[in-house]
Amino acid sequence: MRIWIAVQVLILVMLATGSLGRENALILADEIHYLRPERSFSAFGNVKVYFAGNVLHAQGIDYADGVITTTGPLSFTYKHGTVGVAEFAELDEEFQRGVLKGVQMLLADRIRIIGSRVEMAEDNFTQISNAMVVTCRVCRPDQPPIWHFRSRRVVHDKENRQLHLQHVNFYVGNTKLLYLPYLRLPDPSINRKSGFLLPEMTYSNLRGFWAKVPYFQTLGNHADITFTPGVTTKGNLSLGVQHRQLFRRGRITTEINALWDRRHAEEFRGHIKFFGDLDLGNEFMLAFSGEDVTDSEFLKDFGISTEASVTSSARVTRRSRFTWFDLGSRHINRLEDQTGTIPHLIHDARYGTRFTLAPGAGSVGLKIEAQSYERKAKLSGPNGQSGGVSSASVTLDWRNNWILDDLFVLSAVGLARFDTNRIKNNPATTGSHSRFLQTAALELRLPLRQVEGPGQHVIEPFAQLVWTPDRLERDDGIPNEDSILVEFDETNLLSVDRFPGNDRSEQGTHFNLGIRHTGRLASGTELEFVFGRVFRKRDLGQFDQNSGLSGKRSHYVAAGRIGLVNSIVIDQRAVFDADFGIAKSESFIRHGSNDFEIAAGYSRLRRNDGANMTNDVESAVFFARRNFDNEWAANTTLEYDFNKEGENSVGIGLEYRNQCLLVEFNAERQMSTVSRPNADNKLNLKLSLGGFSDLSNRAPSDCGA
């Protein structure tokens, strides 16, 4: 019966509105009363009116002369996403013009507008009188939201997607904090719109209170710029500028930060950086960056970086299934390097490919590398470096694996490398030097698997025999540029060459011996452990004492990992000397859950004169975060160098987050060091209003929880 009534009403509305030949209105109701004059009727009982994607739902309506009138509770939904309820409505049949009273509207499921009267005009403007604008969920009429705007009049420009508020008061709870004669806000359906962003507040005992007010300006659909002027209570002025540009095949970002600082002798301090990437086609990618700064302390003051250098670079890469290509150039400005012995200009190019031979014959790889270094100083550096070095190398290797008697795994590696170097401005050696290196290795592993019982375990003893000619590389006359710091750990225990660069290559016959264990207990706990050592036929003196690889017998290396079922992971790695004294140790523990997260690390290294480490290094880091509920969270951080030569800091933070508000407060103390004698205390406050700024991962709105 309801369907038949709907058909009758549809025909009546078509005749009344002249909608034949255009989009038709549809009315569903439990009961219809036809009225006189013609083209008028009343509908009762669960009435729904549909037109052009818009829906009106009420208990009863009156229709006459193209106007729909309803009283009592009603709800409406517009095709552009606006939904709401009202006490009274008088609308045309297209829902484009009319008046509503006692209205609550929700725009794009984010912004709520509650007003006494709404007037809709056909020219895309909607006017709301005596309105409250809020993104917080209003759970009870007698309980105000956390914050809201109250405006004498709100005009919603649907075409330009803007909200214009006149005579605006900003409230926190029931307390009025701010009055503005006019305020413009973006419609929540828009992602980018020009305008002021929320201010940022920072306190530092070196600079006082620092207030910043960002302004965001769109430059079309693919570019924007943000200006962030700031002022401190100690008379310093700052300006930050960020420009972003998106292209069809890439993007670029430029950042400029400037500070007129009375605390320093120089009045102007600044930093500029640009970076981006570009798709060159045919799987080639270009990544580039440029950076410069007036002084290293500026990077720390602005929270940009704790590094003592800035780098500009350009790099072209290509990756495919069997080949890779890398070509790049870097300019490094060492801000605290007064000697000029550290390379400031580095160029490098790399190409590699690997292909499989016939089944069972293994695979062959080819790698071609070229590098060059330039220094400002034209004299020999502390490690024999030169003013400039150009080098090239070609490496050809063959690898294969076999399974013997379904028990042993045998691997073989053959490697040949040709190097050539041209050295400039080195009193010890100049000119060109070439060499040819050969390496052969056999590796045998015995995986022993236990799958029965309460858990599963795999114990794998392994041994690797590596042969290279017995000769000292320093006889080749090539200075050591890229292999000064050698790391010995579980990752390169099975390695034919532990030098990180091409200037040095591990020589002499040596034997790598160790054992690996992986397991999983019945409780779900996961275990990993590696232990090993290197034995040499002869001590060629190519490694320094602090590397852990000197002598005929190296230090012991051990590493373990425990993953507990309660999301606790413990990592430990260490290098022990012959008397099992600790030469290097790193410990890390972390735990993560929805409510609590903690991570702590400790590292200790012996001094290494070859790497310019004149003292032992001992440091610790700590981080913890606690989510008390869906809204409140706290965190703390600690970085501490026990020798007090590094950047020591401690910080705490408190966060309140819900569906309409984000408040972040952080306090940090940066302790004094040799290069930074003045300690600095910082306080940061960040405020974001949901619906008008980014609140990703917003806490859910939960009334009554």
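First residue of the sequence shown: 259, per the working numbering; consecutive thereafter.
We treat Cβ as the ideally placed atom computed from N, Cα and C, and that holds for glycine.
Helix, strand or coil at residue i according to DSSP, with G and I counted as helix
i: SER496; result: strand
i: ASN463; result: coil
i: ASN679; result: strand
i: GLU905; result: coil
i: SER649; result: strand
i: GLU345; result: strand
i: SER825; result: coil
i: ASN888; result: coil
i: ASN750; result: helix
i: ASN591; result: strand
i: SER805; result: helix
i: GLY772; result: strand
i: SER447; result: coil
i: SER409; result: strand
i: THR340; result: coil
i: ASP899; result: strand
i: SER298; result: strand
Neighbour-count burial assignment, residue i, 16 or more Cβ in a 10 Å radius
i: THR749; result: exposed
i: GLU351; result: buried
i: PRO439; result: exposed
i: LYS337; result: exposed
i: PRO727; result: exposed
i: GLU417; result: exposed
i: ALA957; result: For ALA957, the predicted model reports a pLDDT of 45, less than 50, meaning its position is unreliable and no value from the coordinates is stated.
i: ASP445; result: buried
i: LEU947; result: buried
i: LYS810; result: exposed
i: ASP525; result: Reading off the sequence shown, one finds Glu at residue 525, where the question assumed Asp. Exposed, since its Cβ has fewer than 16 Cβ neighbours within 10 Å.
i: ASP887; result: exposed
i: THR491; result: exposed
i: GLY839; result: exposed
i: PHE467; result: exposed
i: LEU477; result: exposed
i: GLY850; result: exposed
Boundaries (first-last residue) of the alpha helix (DSSP H) holding residue i
i: LEU557; result: 554-559
Start-to-end residues for the beta strand (DSSP E) that takes in residue i
i: SER571; result: 567-577
i: ASN939; result: 938-947
i: ALA379; result: Neither: ALA379 is in no beta strand (DSSP E) and is coded neither H nor E.
i: GLU784; result: 784-794
i: ASN312; result: 312-322
i: ARG516; result: First, the residue type needs correcting, since residue 516 is Ala and not Arg in the sequence shown. Run containing ALA516: 508-518, per the beta strand (DSSP E) assignment.
i: LEU964; result: An answer regarding residue 964 cannot be provided, because it is not within the stretch 259 to 963 covered by the chain.
i: PHE474; result: 473-476
i: MET363; result: 356-365
i: MET929; result: Here MET929 belongs to no beta strand (DSSP E), and DSSP marks it neither H nor E.
i: PRO487; result: 481-490
i: LEU702; result: 689-703
i: GLN708; result: 706-708
i: ARG238; result: This structure cannot speak to residue 238, because the chain is shown only from 259 to 963.
i: LYS531; result: 526-539
Residue of the options minimising C-alpha distance to residue i
i: ALA836; options: VAL815, PHE854 and ASN852; result: VAL815
i: GLU905; options: GLY911, ASP938, GLN917 and ALA892; result: ASP938
i: SER333; options: HIS315, ASP320 and GLY339; result: HIS315
i: THR611; options: TYR631, ILE590 and SER578; result: SER578
i: GLU844; options: PRO712, VAL879, SER907 and PHE838; result: VAL879
i: ARG675; options: TRP660, ASP655 and HIS480; result: ASP655
i: VAL574; options: LEU593, ALA566 and LEU536; result: LEU536
i: ASP309; options: PRO331, PHE353, THR512 and VAL341; result: Correcting the residue identity first, residue 309 is Phe in this sequence and not Asp. PHE309 has its Cα closest to that of PHE353, out of PRO331, PHE353, THR512 and VAL341.
i: ARG633; options: ALA619, SER621, LYS682 and VAL652; result: LYS682
i: HIS501; options: PRO487, ALA481 and ILE604; result: ALA481
i: SER753; options: ILE736, GLN722 and ASP740; result: GLN722
i: LEU706; options: THR614, GLN503 and THR776; result: THR776
i: ARG819; options: ARG408, GLU786, ALA516 and ILE530; result: GLU786
i: SER587; options: LYS558, PHE546, ASP367 and ALA322; result: PHE546
i: GLY548; options: VAL568, VAL413 and GLY488; result: VAL568
Any non-hydrogen atom of the ligand FAD closer than 8 Å to residue i Cβ
i: TYR308; result: No copy of the ligand FAD occurs in the structure displayed, which carries no ligand at all.
Problem set entry | Inter-stretch contact (C-beta, 8 Å, three-pair minimum) for the stretch 855-864 and the stretch 872-883 | By the Cβ test, the stretch 855-864 is in contact with the stretch 872-883, since at least three Cβ pairs between them sit closer than 8 Å.
Problem set entry | Three-pair Cβ contact test at 8 Å for the stretch 435-452 versus the stretch 466-480 | Contact check between the stretch 435-452 and the stretch 466-480: three or more CB pairs, one atom from each, fall below 8 Å, which counts as touching.
Exercise. Are at least three pairs of beta-carbons, each pair with one atom in the stretch 762-769 and one in the stretch 778-787, less than 8 Å apart?
Worked result: Too few Cβ pairs lie closer than 8 Å, so no.
Exercise. Between the stretch 823-830 and the stretch 789-796, are three or more C-beta pairs nearer than 8 Å?
Worked result: The stretch 789-796 and the stretch 823-830 do not touch, with fewer than three beta-carbon pairs separated by less than 8 Å.
For this session: Determine contact between the stretch 765-778 and the stretch 795-811, defined as no fewer than three beta-carbon pairs at a distance below 8 Å.
Result: Yes: at least three Cβ pairs fall under 8 Å.
For this session: Could you tell me whether the stretch 734-743 touches the stretch 707-721, using the rule of 3 or more Cβ pairs below 8 Å?
Result: Contact between the stretch 734-743 and the stretch 707-721 is absent: fewer than 3 CB-CB pairs across the two stretches fall below 8 Å.
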